[in-house]
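A.B. asks: Have a look at this one.
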Amino acid sequence: MTTTHSPREDIAEVIATEAEIRDAVERLAGELTEDVGELSPILVGVLNGAFVFLADLVRRLDFPLEIDFMNASSYGEGTVSEGLEIQTDLSLDVEGRHVVLVDDILDTGQTLQGLVRHVTGRGAASVRTCCLLDKPARRTVDFEADYVGIEIPDRFVVGYGLDFAQRHRNLPFIGVLRPELYQSQ
Ligand code: IMP
Ligand code: MG
Numbered sequence: 136m137t138t139t140h141s142p143r144e145d146i147a148e149v150i151a152t153e154a155e156i157r158d159a160v161e162r163l164a165g166e167l168t169e170d171v172g173e174l175s176p177i178l179v180g181v182l183n184g185a186f187v188f189l190a191d192l193v194r195r196l197d198f199p200l201e202i203d204f205m206n207a208s209s210y211g212e213g214t215v216s217e218g219l220e221i222q223t224d225l226s227l228d229v230e231g232r233h234v235v236l237v238d239d240i241l242d243t244g245q246t247l248q249g250l251v252r253h254v255t256g257r258g259a260a261s262v263r264t265c266c267l268l269d270k271p272a273r274r275t276v277d278f279e280a281d282y283v284g285i286e287i288p289d290r291f292v293v294g295y296g297l298d299f300a301q302r303h304r305n306l307p308f309i310g311v312l313r314p315e316l317y318q319s320q
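Note that the working numbering has the sequence shown beginning at 136, numbered continuously upward.
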């Protein structure tokens, strides 16, 4: 038998509790209902990190909507070489549709900025962005999300969909790992 331990034991500090996340999701659902509730939007989850947030968010939205997913990574730090590599593209046709990009965390801003351009290029009528977490101190591009759940300090966080080396996505809250765990990778 292999020995295992709970991922909770790897957490040094909780940044957002389950209750705080629930409140933030509820508030965001209210804002989205107000703004796109009559528009039959397409919600696009940015994989992999947004899968938990999107699942909780859509169950609080009581209006017609469709769901799609994308997976992309940004590369390049300068404004010239900056770009987006798309691993999984949209499967729905967004032309003339109102799109809400849903991501776990807004960090440098490069990924979402690139995705907004991409979806706009596909002819969407409007593109909004919704992030559970925002680390404004990390921004390298001029980009803000339309809807933000919780602003957090410049710390690398895991849980509620967010990973470090693909692990800890299943934690129901958001926290910071014990420092020796970040160093061991
Ligand atoms: P950006 O293009 O730098 O804004 O990248 C955002 C993406 O980087 C997020 O969607 C996450 O996948 C990842 N990321 C940024 N910060 C964190 C973090 O603190 N924990 C886990 N993933 C993060
Ligand atoms: Mg991501």
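Where is the CB? At the ideal position from N, CA and C, for every residue including glycine.
(1) Should residue 310 be labelled buried (16 or more other beta-carbon atoms within 10 Å of its own) or exposed?
(2) Do residue 261 and the ligand IMP come close, with the Cβ less than 8 Å from some heavy atom?
(3) Residue 165 lies in the alpha helix (DSSP H); which residues open and close that run?
(4) To which residues does DSSP link residue 294 through a beta bridge?
(5) Regarding residue 184 and the ligand MG, is the C-beta to nearest heavy atom distance less than 8 Å?
(6) Is it the case that the CB of residue 299 approaches a heavy atom of the ligand IMP more closely than 8 Å?
(7) Is any heavy atom of the ligand IMP found at a distance shorter than 8 Å from the C-beta of residue 209?
(8) Can you name the residues that DSSP bridges to residue 175?
(9) Let me know if residue 140 comes out buried or exposed under the rule of 16 or more other beta-carbons within 10 Å of its beta-carbon.
(10) Under the three-state reduction of DSSP, which class applies to residue 269: helix, strand or coil?
(11) Quick check for students: name the residue ranges of the alpha helix (DSSP H) that lie wholly in the stretch 180 to 215, counting only runs of 4 or more.
(12) Taking 9 Å as the CB-CB limit, is residue 158 close to chain D?
C.D. replies: According to the data block:
(1) Here residue 310 is taken as the residue at index 175 of the sequence shown, counted from 1. Flag for residue 310 reads buried.
(2) Translated into positions along the sequence shown, residue 261 becomes position 126. No, since every heavy atom of the ligand IMP falls outside the 8 Å radius drawn around the Cβ of residue 261.
(3) Mapped onto the sequence shown, residue 165 falls at position 30. Counting along the chain, residue 165 sits inside the alpha helix (DSSP H) bounded by residues 153 to 171.
(4) One-based indexing of the sequence shown puts residue 294 at position 159. When DSSP reads this structure, residue 294 sits in a beta bridge with 297.
(5) If you number the sequence shown from 1, residue 184 lands on position 49. The answer is yes for residue 184.
(6) Locating residue 299 in the sequence shown gives position 164, counting from the first residue. Using a cutoff of 8 Å, the CB of residue 299 counts as near the ligand IMP, since one of the ligand's heavy atoms is closer than that.
(7) Along the sequence shown, one-based indexing puts residue 209 at 74. Within 8 Å of the C-beta of residue 209 there is at least one heavy atom belonging to the ligand IMP.
(8) Locating residue 175 in the sequence shown gives position 40, counting from the first residue. In DSSP, residue 175 forms no bridge with anything.
(9) Within the sequence shown, residue 140 is the residue found at index 5, counting from 1. Burial call: exposed.
(10) Walking along the sequence shown from the start, residue 269 turns up at place 134. The answer is strand: DSSP assigns residue 269 an E or B state.
(11) Segments of the alpha helix (DSSP H) lying fully in the stretch 180 to 215: 186 to 193.
(12) Structure shown: chain D not included; a single protein chain is present.
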